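Chains W and U, in that order, are what the protein sequence lines are.
Each residue of the first sequence is one higher than the one before, starting from 3 at the first, in the working numbering.
Each residue of the second sequence is one higher than the one before, starting from 12 at the first, in the working numbering.
Built from N, CA and C at the ideal position, the CB exists for glycine as well.
If you're wondering where the values come from, they're calculated on a predicted model, not measured in any experiment.
Written out below as structure tokens is the structure these notes cover.
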Amino acid sequence: MPALRHLALLLGLCATAGARADEPLLRYRNVQAGAVADFQLSSTSGGLAVLGEGGAQFVGIETFRQGRLLVQWDALLAVRGGVLGNTAPPFTTLIGGHTMASVEAGYRFMHASHSSLYLGARLSGDLSIMAHPGLSLSQLDRLNAMDSVGGVVAHGDVRVALGYSWLSGRKSLLLTGFVQEAGYIPGVFTPGLGYTEAGVSARFDLAQRLTLHVEGFAGRGAKRTEPSLDTDLQSSTAGIQALVRGVFDSGVWLALSGSYQRELDHRAYHTSHTVYDTANAPNMGFQLLVGLPFQWNHKHR
Amino acid sequence: MNLRLALLLCALAACDPQKADWGLSAIRTMKTPADPPNLGCGVTLPLDSTADARASCSFGRGAHTDTTLGIDAATRAAIPIRHIVIVMKENRSFDHLFGALHDRGQPGVEAVPSSYANPDENGNLVYPTLATTTCIPYDPGHQSVSVNTCIDESRMDGFVRNAAKTTPSDGSYVMSQYDDTQLPFYYWLATTFAIDDRHFAPLASGTYANRAFYMLGSNAGVVDTGLVYPSPSTPSIFHLLLNAGFTWGVYTDDDPFDGAFDWKKGDAGVYSMQALYDAFDHGTLPNVVFVDGEEYLEDDHPVADLQRGEAWTKTIYDHAIASPQWQTTAILFTYDEAGGFADHVPPPAGECPPDPSNPPFAGLGPRVPMIVVSPWARRNYASHVVEDHTAIIRFVEAVFDLPALSGRDANMTALFDLFDFSCGRDLFIPTAPAAGTGGCLHKADQPTY
């Protein structure tokens, strides 16, 4: 596939800048594990949220089987708390826990080369359980809707990604397009939703130094029929998220991420042949995370 | 310069991160259908044979009033109402505004029992008294926690304690009541036309949830007034009217619906009060009109001067009765919720959930006034039909043959007890008095809520 190879070489130009010839090609590793604390600020249809977390994170990207396999993962277990500005002051206090896990394993077809076609699959899940002190989870309907923030919030996705991987001993560039099935469990007031999504992702890693990741996606859910009003509703979504994670000599890492997502609904009434396209308030998020490695690097690299 | 202005406006718009788009722009080009020429008296509504079925919440979303109220298509089409004007004000209970009504022109409404009192924080009983000002300088807590404190498991004795806890006062002012010397026009409306003394706020909470009920048939996830709004894809009375070819308009010089939907001036279907007066004068009313006063000035929300709000209401009335469309108009004058002011009637239990498969936190709020002003309103009539704000949309649904939005409005009555469409009755309407004056002279400081 000479054409594909040429394209791969072209895409790898930026990543190859500064690559040393003596870097081991088949082994790449950028992994952090340690205690983390983060601060999150988000605006959702459930209100403005200021949350903090404390816990442990294990995140990385690494090759296995002589560069054939490129694995990315991110796992977090944390206690989480904060306030949700979904009502008049003093706002709604929330406390609970949060866990997430994501793993993507991809095959590099030209594993002996810097550049390779990449085919990967990802499983991802996110679960947050937060309650308001004094109220059980089943009593959260006594408060304003907090479905994307408080109560039991869970979503997951299954992804297939196809793209290009460029790899050296110190750098990794992964450019992919993907399709995925994403699902959200029902909230107190909102129904569960599933989306078929497509998107693009670009990730650059500098071993034990830096991760840059940008991802955009759009998707559409299945039509939900509401026969009582002779109408059906189809939801679609689109969003973008970006992450910068820097690792200091000590092994301490700092991550800054942001996201923007909007859900759109298309409601059609059959009898009257009228349609309404609505847009929910956008979900915007910002997160600052600091990680302290379990194994402190006293030597400084 | 224009480009800079546009960029500035875009930047400001971006500062409202929770602004949703309701997709209702079709209303901008909709034309109000002409009133059928043959509307008039002589409509006889059937006896209510479905009350038991409604009481057991048998009907669901999508049900039409032919099944839930037994009104057949021919009768419905002959109802001589084609313009429904909903004037919803803010935060006054029935007893607070009309506690003297039983003795001042409408003996049909239930009088406040002489034994009714609330204990203050020291346990001393506070009895209702005549208000000494129409500018009460306090705004008692009136979100869900406060209102349930006031209701106190149907004892209706927590109003003073709640007000003392949530305002810098002893809370006794929430027991104050007005009479016809202070609010002559409001009392005139209540004694000239038809009033229901069993009209309850649909949720024991504040503005946003209660207003959502009369547009959506549910609170749609909103319990307390704050920063959460219903999803714009929620089926609403606006959608149902458009689907059926009927028009609506929202008229205010402030944010519509007191902010409950996060709609703004300039949004589709939102117009100024002057546009409403013009529509009355020129006979160009939409089919359904939503009217909101300017917050804390005209909407009667404390700390507003009630007499200013009363004068504003009379302006609407004056334009309405002079309108060429008066004969097909009904004004529904009500308040969104009781606002923490005392009322002696405990809200009944058993209201139907909007979604029977997912019954939400519920419970009616205290009574609020509901007066129907129309050529077809019963004269000097007091109804005791138990209802809430979803009776307003059920009335709209009945007149325009629309399906119910939820299980709540599906099982609700439709205000028809307040109307008389028969021929041969006295249609005379005496001259209305001016609004009251002298209750206070200035607007006090505005509270946050």
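Problem - Cβ-based burial, W:Phe296 [other Cβ within 10 Å; buried from 16] - result: Taking the first residue of the first sequence as 1, we reach residue 296 of chain W at position 294. Looking at its Cβ environment, which holds fewer than 16 other Cβ atoms inside 10 Å, W:Phe296 is exposed.
Problem - Contact set for U:Asp292: own chain, Cβ-Cβ below 8 Å, skip 5 residues either direction - result: Position 281 of the second sequence, counted from the first residue, corresponds to residue 292 of chain U. Excluding positions up to five away in sequence, the list reads His330, Ala333 and Ser334.
Practice task
Have a look at U:Pro441 and U:Lys325 and give me their C-alpha separation to the nearest angstrom.
Solution key: Within the second sequence, the letter at position 430 stands for residue 441 of chain U. Within the second sequence, the letter at position 314 stands for residue 325 of chain U. One C-alpha to the other measures close to 14 Å.
Practice task
Under the assumption that U:Leu56 contacts U:Leu251 (Cβ atoms under 8 Å), give the Cβ distance between them as a whole number of angstroms.
Solution key: Reading the second sequence from its first residue, position 45 is the one you call residue 56 of chain U. Reading the second sequence from its first residue, position 240 is the one you call residue 251 of chain U. Not a contact, Cβ separation roughly 22 Å.
Exercise for the section: Go ahead and label U:Thr143 buried or exposed: buried means 16 or more other beta carbons lie within 10 angstroms of its beta carbon, across all protein chains shown. Expected result: For the purposes of this step, residue 143 of chain U is taken as the residue at position 132 of the second sequence. Answer is exposed; the Cβ neighbour count stays below 16.
Practice task
Please report how far the alpha carbon of W:Thr65 lies from the alpha carbon of W:Glu217, in whole angstroms.
Solution key: In the first sequence, residue 65 of chain W corresponds to position 63, counting from 1. In the first sequence, residue 217 of chain W corresponds to position 215, counting from 1. Roughly 21 Å between the two C-alpha positions.
Problem - C-beta neighbour in chain U for W:Ser274, strict 9 Å - result: If you number the first sequence from 1, residue 274 of chain W lands on position 272. Interface residue, yes.
Exercise for the section: List the residues of chain W whose Cβ lies closer than 7 Å to the Cβ of U:Phe372, in chain order. Expected result: Taking the second sequence and counting its residues from 1, one reaches residue 372 of chain U at position 361. Those are Asp143 and Arg144, listed as they occur along chain W.
Handout entry: DSSP-derived helix/strand/coil call for U:Gly418
Key = Translated into the one-based positions of the second sequence, residue 418 of chain U becomes position 407. Helix at U:Gly418.
Exercise for the section: Please confirm whether W:Ser237 and U:Ser36 have their CB atoms less than 9 Å apart. Expected result: Translated into positions along the first sequence, residue 237 of chain W becomes position 235. Translated into positions along the second sequence, residue 36 of chain U becomes position 25. Result no, Cβ atoms of W:Ser237 and U:Ser36 do not sit closer than 9 Å.
Problem - Distance CB(U:Ser157)-CB(U:Pro148) smaller than 9 Å - result: If you number the second sequence from 1, residue 157 of chain U lands on position 146. If you number the second sequence from 1, residue 148 of chain U lands on position 137. No, the Cβ-Cβ distance between U:Ser157 and U:Pro148 is not below 9 Å.
Exercise for the section: Could you tell me which uninterrupted beta strand (DSSP E) segments, each at least 3 residues in length, are contained entirely in the segment 169 to 217 of chain W, listed from first to last along the chain? Expected result: 173 to 186 and 195 to 208
Exercise for the section: Determine the chain W residues that contact U:Ser244 at a beta-carbon separation under 7 Å, and present them in chain order. Expected result: As a working note, residue 244 of chain U is residue 233 in the second sequence. Result: Leu235, Asp267, Arg269 and Thr280.
Practice task
Would you give the residue range spanned by the alpha helix (DSSP H) that U:Lys325 belongs to?
Solution key: Your numbering for residue 325 of chain U matches position 314 in the second sequence. Start and end: Leu317 to Ile332.
Handout entry: Alpha carbon of W:Leu137 to alpha carbon of U:Thr192, nearest angstrom
Key = Against the first sequence, residue 137 of chain W aligns to sequence position 135. Against the second sequence, residue 192 of chain U aligns to sequence position 181. C-alpha separation (whole angstroms): 47 Å.
Exercise for the section: Note the first and the last residue of the continuous beta strand (DSSP E) segment covering W:Gln42. Expected result: Working through the first sequence from its first residue, we reach residue 42 of chain W at position 40. W:Gln42 -> beta strand (DSSP E) spans Arg31 to Thr46.
Exercise for the section: Run the proximity test for U:Gly182: is its beta-carbon closer than 8 Å to any non-hydrogen atom belonging to the ligand FAD? Expected result: The model on display carries no ligand, and the ligand FAD is accordingly not part of it.
Handout entry: Own chain, CB closer than 7 Å to U:Ile90, minus 5 neighbours either side, in chain order
Key = One-based indexing of the second sequence puts residue 90 of chain U at position 79. Closer than 7 Å at Cβ, skipping near neighbours: Val54, Val410 and Phe432.
Practice task
Kindly say whether U:Ala24, judged by its beta-carbon, lies nearer than 9 Å to any beta-carbon of chain W.
Solution key: In the second sequence, residue 24 of chain U corresponds to position 13, counting from 1. Any reading at U:Ala24 is ruled out, since the residue's pLDDT is 43, under 50, leaving its predicted position unreliable.
Exercise for the section: Give a yes or no on whether 9 Å exceeds the smallest Cβ distance from U:Thr250 to chain W. Expected result: As a position in the second sequence, residue 250 of chain U is number 239, starting the count at 1. Here the sequence assigns His to residue 250 of chain U, which means Thr is not the residue at that position. Judged by the 9 Å Cβ criterion, U:His250 is in contact with chain W.
Handout entry: Alpha-carbon to alpha-carbon, U:Glu164 and U:Phe430
Key = On the second sequence, residue 430 of chain U is found 419 positions in, with the first residue counted as 1. On the second sequence, residue 164 of chain U is found 153 positions in, with the first residue counted as 1. Straight-line Cα distance between these residues: approximately 33 Å.
Handout entry: Three-state secondary structure (DSSP) of U:Ile248
Key = Indexing the second sequence from 1 puts residue 248 of chain U at position 237. Here U:Ile248 sits in helix by DSSP.
Problem - Amino acids of chain B, ordered along the chain, whose beta-carbon sits closer than 8 Å to that of W:Gly84 - result: Absence of chain B from the displayed structure is noted, the protein chains being W and U.
Handout entry: Length at least 4, wholly inside the segment 153 to 182 of chain U: the alpha helix (DSSP H) runs in chain order
Key = 155 to 162 and 170 to 177
Exercise for the section: Select from the segment 37 to 50 of chain W all residues with a C-beta closer than 9 Å to any C-beta belonging to chain U, and list them in chain order. Expected result: Ser45, Thr46, Ser47, Gly48, Gly49 and Leu50
Handout entry: Spatial distance of W:Ala257 from W:Arg82 (CA atoms)
Key = As a first step, residue 257 of chain W is located in the first sequence; it is residue number 255 there, counting from the start. As a first step, residue 82 of chain W is located in the first sequence; it is residue number 80 there, counting from the start. Those two C-alpha atoms are separated by around 17 Å.
Problem - Range of the contiguous alpha helix (DSSP H) that encloses U:Val410 - result: The residue labelled residue 410 of chain U in the question sits at position 399 within the second sequence. Thr401 to Phe411 is the span of the alpha helix (DSSP H), which, as asked, contains U:Val410.
Problem - Range of the contiguous beta strand (DSSP E) that encloses W:Thr233 - result: Here residue 233 of chain W is taken as the residue at index 231 of the first sequence, counted from 1. That run of the beta strand (DSSP E) goes Thr233 to Val249.
Problem - Contact list for W:Ser230 against chain U, beta-carbon separation under 7 Å - result: Residue numbering aside, residue 230 of chain W sits at position 228 when the first sequence is read from its first letter. Within 7 Å Cβ-Cβ: Gly71, Arg72 and Gly73.
Exercise for the section: Could you work out which residue in U:Ile206, U:Pro359, U:Ser368 and U:Ala220 is closest to U:His113 when comparing CA atoms only? Expected result: The count along the second sequence starts at 1 and reaches residue 113 of chain U at position 102. Of the listed residues, the one whose Cα sits closest to U:His113 is U:Ile206.
Practice task
Flag U:Asn422 as yes if its beta-carbon sits less than 9 Å from any beta-carbon of chain W, otherwise no.
Solution key: Counting from 1 along the second sequence, the entry for residue 422 of chain U is found at position 411. No - not a single Cβ of chain W is within 9 Å of the one on U:Asn422.
Practice task
Give the secondary structure of W:Phe1 by DSSP, where H, G and I count as helix, E and B as strand, and everything else as coil.
Solution key: Given that chain W is displayed from residue 3 to residue 303, the structure contains no residue 1 of chain W and the question cannot be resolved.
Handout entry: Which residues DSSP lists as bridging W:Glu55, in chain order
Key = Indexing the first sequence from 1 puts residue 55 of chain W at position 53. W:Asp40 and W:Arg82.
Exercise for the section: Measuring only between beta-carbons, confirm whether U:Asp63 sits less than 9 Å from chain W. Expected result: Stepping through the second sequence from its first residue, residue 63 of chain U is reached at position 52. Not one chain W Cβ lies under 9 Å of U:Asp63.
Problem - Same chain, Cβ closer than 7 Å to W:Leu294, neighbours up to 5 away in sequence not counted - result: Here the question's residue 294 of chain W lines up with position 292 in the first sequence. Correct list, in chain order: Gly36, Ala37 and Val254.
Problem - Contact set between W:Phe180 and chain U, taken where Cβ atoms lie within less than 7 Å - result: Taking the first sequence and counting its residues from 1, one reaches residue 180 of chain W at position 178. Result: empty, since nearest Cβ-Cβ is about 27 Å, beyond 7 Å.
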